[in-house]
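K.L.:
Position 80 (the sequence shown) corresponds to 90 in my numbering; numbering is contiguous.
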Amino acid sequence: MCDEDSWDLKPDTDPMKPPEEPVDVECIHCRRRYRSDAIVWDERWRMWVCPHPDCGGAGFGFDIWPLDRDYFIRKWKEAGCPEYDPS
């Protein structure tokens, strides 16, 4: 059985929180574009969600994506992670 208290996500520890430095994003549910600092924390669902009330998009990098296609590649390199080698 799932213990609701064990799933204690908070805005600052949620792995799908928006980036500290705002970027342009698009929600794959409503197709709206906005800045990532407009993404809002929904206390009831305990997750970051699209700011448009008629949309069900949630999570930076899940339903809400940066318009810069290389955003995550740059972050990966900035973190000192090794280059990806598909061979």
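Backbone N, C-alpha and C fix where the C-beta goes; we use that ideal spot for every residue, glycine too.
Remember, predicted model here, so these are calculated numbers, not experimental data.
#1: Of the choices W75, E93, H39, whose alpha-carbon is the least far from that of P98?
#2: To the nearest angstrom, how far is it from the Cα of P25 to the Cα of R42?
#3: Using 8 Å for Cβ pairs, my map puts C40 next to G67. What's the rounded Cβ distance?
#4: I need the straight-line Cα distance from D73 to C60, nearest angstrom please.
#5: Am I right that C65 and C91 are in contact with their C-beta atoms under 8 Å? What's the rounded C-beta distance?
P.N.:
With the given structure in hand:
#1: This structure gives no information on residue 98, because the portion of the chain shown stretches from 11 to 97.
#2: For the purposes of this step, residue 25 is identified with residue 15 of the sequence shown, where counting begins at 1. For the purposes of this step, residue 42 is identified with residue 32 of the sequence shown, where counting begins at 1. Roughly 22 Å between the two C-alpha positions.
#3: Numbered from 1 along the sequence shown, position 30 holds the residue referred to as residue 40. Numbered from 1 along the sequence shown, position 57 holds the residue referred to as residue 67. So it is a contact: roughly 6 Å between Cβ atoms.
#4: By one-based count along the sequence shown, residue 73 stands at place 63. By one-based count along the sequence shown, residue 60 stands at place 50. If you take the alpha carbons of D73 and C60, they lie about 9 Å apart.
#5: In the sequence shown, counting from the first residue as 1, residue 65 sits at position 55. In the sequence shown, counting from the first residue as 1, residue 91 sits at position 81. Between C91 and C65 the Cβ distance is about 32 Å, and since that is not below 8 Å, they are no contact.
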